[in-house]
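**Student:** One structure is given below, represented as structure tokens, and several questions about it will come after.
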Amino acid sequence: MVSVAPSVPKIRPEIQALQPRLVEWRRALHRRPELGFREVETAARVTQLLRQWGYQPQTGIAQTGVMAVLTGGRPGPVLALRADMDALPIQELNDVPYRSEIDGVMHACGHDGHTAILLGVAHYLAQHRHHWRGTVKLIFQPAEEGPGGAKPMIESGVLEQPRVEAMFGLHLWNDLPAGTVGVRSGPLMAASDFFSCRIQGRGGHGAKPEQTIDALVIGAQVVVAFQTVVARQVSPLEPAVVTVGEFHAGSARNVIADQAYFGGTVRYFHPDLASTLPKKLEAIVQGICTAYGAHYEWNYEYLYPPLINDPAMADLVRSVAEQVVEPALGVVPNCQTLGGEDMAFFLQEVPGCYFFLGSANPTKGLDFPHHHPRFDFDEEVLCLGVELLVRCLEQYIGR
Ligand code: NI
């Protein structure tokens, strides 16, 4: 990881002046984190601010989602920006004045920052409504961390009437130094699927294995065999991950386990793997269970598809980033992660680009990874986020 911000970003004074308010909004959200589809207070706070600035936000979309539409002074393209609002079931360990007041819930992924940035954009656009051309939909989405708010928002029609032509969004990113921008054409983030498996054997006495079907040993073999799927059955040029994240079997040291349960996640970019990987995994479960005479229940769930950036929109974001931060040092090309994101559903519908805004600052101790109980980010980048999104809109409209 590089450790210093490369240069002073070029932010217009009106947006720079918003910085203290962005921090205030972000901290207020950070104090009151809410889990997916329970963002009641968050949505109310967002709605209240939007109303103050003259918007007539729609609320309760896909339960807790909010959308505000800005119509400029003249006709033009229809664009959308999206921020997610939900927090995680993590107990915050940061000792900061704005620390989470909700036990066991924390903004540990920066979605409080995303919401604050989109509020900043809303504020700026409202002040410049008359100079503006076209329509901008500001989408505040619930439940990104699962089970996913993007899909139900799309099903509620947020991309229609009028139909959205292009869409942008960003994620604060502690894998990159504060003030940098990570952007990529094509797949940026991976598909995120989940599986679980219950193996039914026959329990018995720890000293009489011949009378049993040991579900624990069978499950362990399946877990080990899963490690070879990516290593031996997927092209080394095609990134993929199979992770078994939980395994439960057995109850006593002298008892052979009757059942074993395990579950995990699968990540990949290439859409073909969506059909082949689950089959390869189940074939292993089936083969090993058959060999030992055990039964199994296999469950595979597609959560989010790969997030694919439109090449022209990614070029637009890259060119915007190069105008705002030092191109040689501050724009990180070909950024990619096997993390998942339900912005992917929006980008299946509309050409757009999702990008990373570097937010780590090791000199301030702000470099814990996302989803860590001590995650926090450098708030200095909030106004940079606003500038980048506003410029994406301006550049698209000015094309
Ligand atoms: Ni996130």
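Residues in the sequence shown are numbered consecutively from 6, following our numbering.
Glycine included, C-beta positions come from ideal geometry on N, C-alpha and C.
1) So, using beta-carbon positions, are A405 and L393 closer together than 8 Å?
2) Alpha carbon to alpha carbon, how far is S364 from L84?
3) Using a threshold of 7 Å, is the CB atom of C294 nearer than that to any non-hydrogen atom of the ligand NI?
4) Opposite I313 in the DSSP bridges: which residues?
5) In chain order, which alpha helix (DSSP H) runs of at least 4 residues are fully inside the segment 311-383?
6) Can you list, in chain order, the residues of its chain whose CB lies under 7 Å from that of G208, leaving out five sequence neighbours each side?
7) By the 10 Å Cβ neighbour count, where 16 or more other Cβ atoms means buried, how is Q232 classified, buried or exposed?
8) According to DSSP, simplified to helix, strand and coil, what is A10?
9) Return the CA-CA distance between H128 and V391, expressed in angstroms with no decimal places.
10) Could you tell me the alpha carbon to alpha carbon distance between G81 and F200, rounded to whole angstroms?
11) Residues in its own chain within less than 8 Å of S8 by CB, not counting five upstream and five downstream?
12) Can you tell me whether DSSP reads Q63 as helix, strand or coil?
13) Let me have the residue list for the ligand NI: C-beta closer than 6 Å to any non-hydrogen atom, ordered along the chain.
14) How should A10 be labelled, buried or exposed, when 16 other C-beta atoms within 10 angstroms of its C-beta is the threshold for buried?
15) According to DSSP, is Q24 part of a helix, a strand, or is it coil?
16) Look at the alpha carbon of I293 and the alpha carbon of P244, and state the distance between them as a whole number of angstroms.
17) Which whole-angstrom value describes the C-beta separation of H112 and A88, a residue pair presumed to lie in contact below a C-beta threshold of 8 Å?
18) Exposed or buried, D91, counting other C-beta atoms within 10 Å across all chains shown (16 or more means buried)?
19) In the DSSP assignment, find the unbroken beta strand (DSSP E) run with H119 in it and report its ends.
20) Roughly how many angstroms separate the alpha carbons of P94 and H377, rounded to a whole number?
21) To which residues of the same chain is M6 closer than 6 Å at the C-beta, ignoring the five residues directly before and after it?
22) Could you tell me if Q2 is buried or exposed, where buried requires 16 or more neighbouring beta carbons within 10 angstroms of its beta carbon?
23) Can you give me the start and stop residues for the beta strand (DSSP E) that F173 sits inside?
24) Where does I402 sit, in a helix, a strand or coil, going by DSSP?
25) For V101 versus E39, is the C-beta distance shorter than 8 Å?
26) Could you give the C-beta distance for L312 and Y359, rounded to a whole number, given that I count them as a contact under 8 Å?
27) In chain order, what residues of the same chain lie with their CB nearer than 7 Å to the CB of M79, ignoring the 5 residues before and after it?
28) In terms of residue numbering, what span does the alpha helix (DSSP H) encompassing L286 cover?
29) Grab me the residues of K15's own chain with a C-beta within less than 6 Å of its C-beta, minus the 5 sequence neighbours each way, in chain order.
30) Could you tell me which of Q226, M158 and H136 sits nearest to G70, measuring between CA atoms?
31) What's the C-alpha gap between R258 and L387?
32) Excluding the 5 residues flanking V249 on each side, which residues of the same chain have their C-beta closer than 8 Å to its C-beta?
33) Span of the beta strand (DSSP E) holding A230?
34) Going by alpha carbons, who is nearest to E106 out of R32, R189, L278 and L389?
35) Since L371 contacts D381 with CB under 8 Å, what's their CB separation in whole angstroms?
**Tutor:** In brief:
1) Because the chain here runs from 6 to 404, residue 405 falls outside it and cannot be looked at.
2) Inter-residue distance for S364 and L84 is about 26 Å (C-alpha atoms, whole angstroms).
3) Because no heavy atom of the ligand NI lies under 7 Å away, the Cβ of C294 does not count as near it: no.
4) DSSP output for I313 lists P192 as bridge partner(s).
5) 316-329, 332-335 and 348-354, all fully within the segment 311-383.
6) Closer than 7 Å at Cβ, skipping near neighbours: T217, V260, I261, A262 and D263.
7) Here Q232 is exposed: its Cβ has fewer than 16 other Cβ atoms, across all protein chains shown, within 10 Å.
8) Residue placement at A10 is flagged as unreliable, the pLDDT there being 49, under the threshold of 50; a coordinate-derived value is accordingly withheld.
9) If you take the alpha carbons of H128 and V391, they lie about 10 Å apart.
10) G81 and F200: Cα-Cα distance of roughly 45 Å.
11) Annotation note: pLDDT 47 at S8 (below 50); position unreliable, coordinate value reported separately. Excluding sequence neighbours, S8 sits near P182, P367 and T368.
12) Strand at Q63.
13) That query returns the following residues: C114, H116, E149 and H176.
14) Residue placement at A10 is poorly supported in this model, since its pLDDT is 49, which falls under 50; the coordinates still yield a value, given next. A residue is called buried once 16 or more other Cβ atoms fall within 10 Å of its Cβ, and A10 is buried on that count.
15) DSSP places Q24 in helix when its eight states are reduced to three.
16) Rounded to the nearest angstrom, the two C-alpha atoms are 26 Å apart.
17) Rounded, the Cβ-Cβ distance is 12 Å, inconsistent with contact.
18) D91 comes out buried.
19) No beta strand (DSSP E) holds H119; the alpha helix (DSSP H) holding it covers H116 to Q132.
20) For P94 and H377, the distance between alpha carbons rounds to 11 Å.
21) Because M6 carries a pLDDT of 45, less than 50, the predicted location of this residue cannot be relied on, and no value is offered for it.
22) An answer regarding residue 2 cannot be provided, because it is not within the stretch 6 to 404 covered by the chain.
23) First-last of the beta strand (DSSP E) with F173: A171 to P182.
24) I402: helix per DSSP, three-state reduction.
25) If you check the CB distance, V101 and E39 do not come in under 8 Å.
26) A Cβ-Cβ separation of about 6 Å places L312 in contact with Y359 under the 8 Å criterion.
27) Correcting the residue identity first, residue 79 is Arg in this sequence and not Met. Result list for R79: R138, in chain order.
28) Run containing L286: L278 to Y297, per the alpha helix (DSSP H) assignment.
29) Within the same chain, V329 come within 6 Å of K15 by CB-CB distance, once the 5 residues on both sides are set aside.
30) Closest by alpha carbon: M158.
31) R258 and L387: Cα-Cα distance of roughly 54 Å.
32) V228, F231, F267, G268 and G269, listed in sequence order.
33) Here A230 belongs to no beta strand (DSSP E); instead the alpha helix (DSSP H) covers A220 to Q238.
34) The residue with the shortest Cα to Cα distance from E106 is R32.
35) Right, the Cβ-Cβ distance comes to about 5 Å (below 8 Å), so this counts as a contact.
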